[in-house]
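So for the sequence shown, this note's numbering puts the first residue at 44; every next one is plus one. Glycine included, every Cβ here is placed at the ideal spot set by N, Cα and C. In this text, all values refer to a predicted model and were calculated from it rather than measured experimentally. The block underneath contains the structure these notes are about, expressed in structure tokens.
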Amino acid sequence: MISAYIKNAIKCLTDLFFPPSCMICGEYLDHEMYICQDCLKNLELHKNESKTSLSVFAYNESIKLLIHELKYNNRPEIGYILGKEMGKRLKEYLITENAVLIPVPLHKKRLRKRGYNQSEKICEGFSEVSGIKINKELLFRRINNISQTKLNALSRADNVKGIFSFSESELDKETHIILVDDLITTGATSKEASSVLKNNGFNNFFAMSVATSTK
Ligand SMILES: [Zn+2]
Numbered sequence: 044m045i046s047a048y049i050k051n052a053i054k055c056l057t058d059l060f061f062p063p064s065c066m067i068c069g070e071y072l073d074h075e076m077y078i079c080q081d082c083l084k085n086l087e088l089h090k091n092e093s094k095t096s097l098s099v100f101a102y103n104e105s106i107k108l109l110i111h112e113l114k115y116n117n118r119p120e121i122g123y124i125l126g127k128e129m130g131k132r133l134k135e136y137l138i139t140e141n142a143v144l145i146p147v148p149l150h151k152k153r154l155r156k157r158g159y160n161q162s163e164k165i166c167e168g169f170s171e172v173s174g175i176k177i178n179k180e181l182l183f184r185r186i187n188n189i190s191q192t193k194l195n196a197l198s199r200a201d202n203v204k205g206i207f208s209f210s211e212s213e214l215d216k217e218t219h220i221i222l223v224d225d226l227i228t229t230g231a232t233s234k235e236a237s238s239v240l241k242n243n244g245f246n247n248f249f250a251m252s253v254a255t256s257t258k
């Protein structure tokens with residue numbers, strides 16, 4: 044109790060001297076966290092061409108910054124905010140019946156280091172708006188592969204081979220699975236996850252991400 048009180052008091056003081064401002068436009072924030080309502084509304088949509096994956100936002104400087112802060116600067120709330128906004132934009136186009144959201148799992152070592160799974164945070168926001176439940180039991184990351192960021196397309200496919208394992212569950216095989224990731228680059232990770240799901244009888248799925256990175 045005391046520590047929460049002190050934390051809150053410190054936050055009030057910092058807010059007084061350094062009022063929170065929007066990460067994108069720099070405007071002071073009222074009650075929002077990190078991003079103002081205008082910047083959130085102005086996030087540009089991505090033009091999707093793929094039938095098996097869906098990226099919601101265009102990969103521009105704003106999204107790059109938000110994803111970077113989400114993954115490397117201990118700001119899990121950004122995942123939740125983005126997920127909620129994704130849900131708002133997609134709500135009327137999605138089949139929500141018999142659907143589940145599966146966050147791309149992190150290996151327990153990376154999870155411990157980051158403290159949270161960023162894809163899970165995105166799912167939480169998305170779930171709140173869409174009502175689609177989150178399933179964290181079906182897929183596991185059994186291998187802590189090195190980051191995909193610095194690899195080319197060919198090595199990326201190799202780097203993700205066999206990294207996921209499947210855990211039997213009661214989940215109906217006809218369930219529409221929405222695999223959620225922060226960023227899709229070559230699609231190697233989501234392809235690997237979807238092949239594991241396919242091998243276990245799940246054939247209805249697509250990958251959804253905040254954005255598609257172009258490099
Ligand atoms: Zn703003």
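Between Phe-207 and Leu-182, the CB-CB gap stays under 8 Å. Relative to ligand 1, the beta carbon of Glu-70 is positioned inside 7 Å of a heavy atom.
Judged by their CB atoms, Asn-141 and Glu-235 are not nearer to each other than the 8 Å cut-off. Relative to Gly-205, the option among Tyr-71, Met-251 and Leu-240 whose CA is nearest is Leu-240.
Beta-bridge partners assigned by DSSP to His-219: Ala-142. In this structure, Val-99 lies away from Ile-220, with their beta-carbon atoms at least 8 Å apart. If you check the CB distance, Gly-122 and Gln-161 come in under 8 Å. Around the beta-carbon of Ile-189, fewer than 16 other beta-carbon atoms lie within 10 Å, marking it exposed. For Lys-176, same chain residues with a beta-carbon under 6 Å away, outside a window of 5 residues either side, are Val-143 in chain order. Boundaries for Ser-237: no beta strand (DSSP E) harbours it, while the alpha helix (DSSP H) harbouring it runs 231–242, taken from the DSSP string. A straight line joining the alpha-carbon of Asp-224 with that of Arg-118 spans about 16 Å. Annotation for Asn-187: His-150, Lys-152 and Arg-153 place their beta carbon closer than 7 Å to its own, counting only its chain and skipping 5 residues before and after. Ser-64 and Lys-193 have their alpha carbons spaced roughly 32 Å apart. Excluding five sequence positions before and after Ser-212, the CB atoms of its chain that fall closer than 7 Å to its own CB belong to Glu-180 and Leu-181, given in chain order.
For Asp-81, the shortest separation between its Cβ and any heavy atom of ligand 1 lies below 7 Å. Relative to ligand 1, the beta carbon of Cys-55 is positioned no closer than 7 Å to any heavy atom. Contiguous beta strand (DSSP E) elements confined to the segment 57–106 occur at 96–100, taking only those with 3 or more residues.
Residue range 161–173 is occupied by the alpha helix (DSSP H) that includes Ser-173. Taking a C-beta distance under 8 Å as the contact criterion, Ile-106 and Met-76 do not qualify as a contact pair. Residue nearest to Ser-170 within the set Asn-202, His-111, Phe-209 and Gly-130 is Gly-130 (criterion: CA-CA distance).
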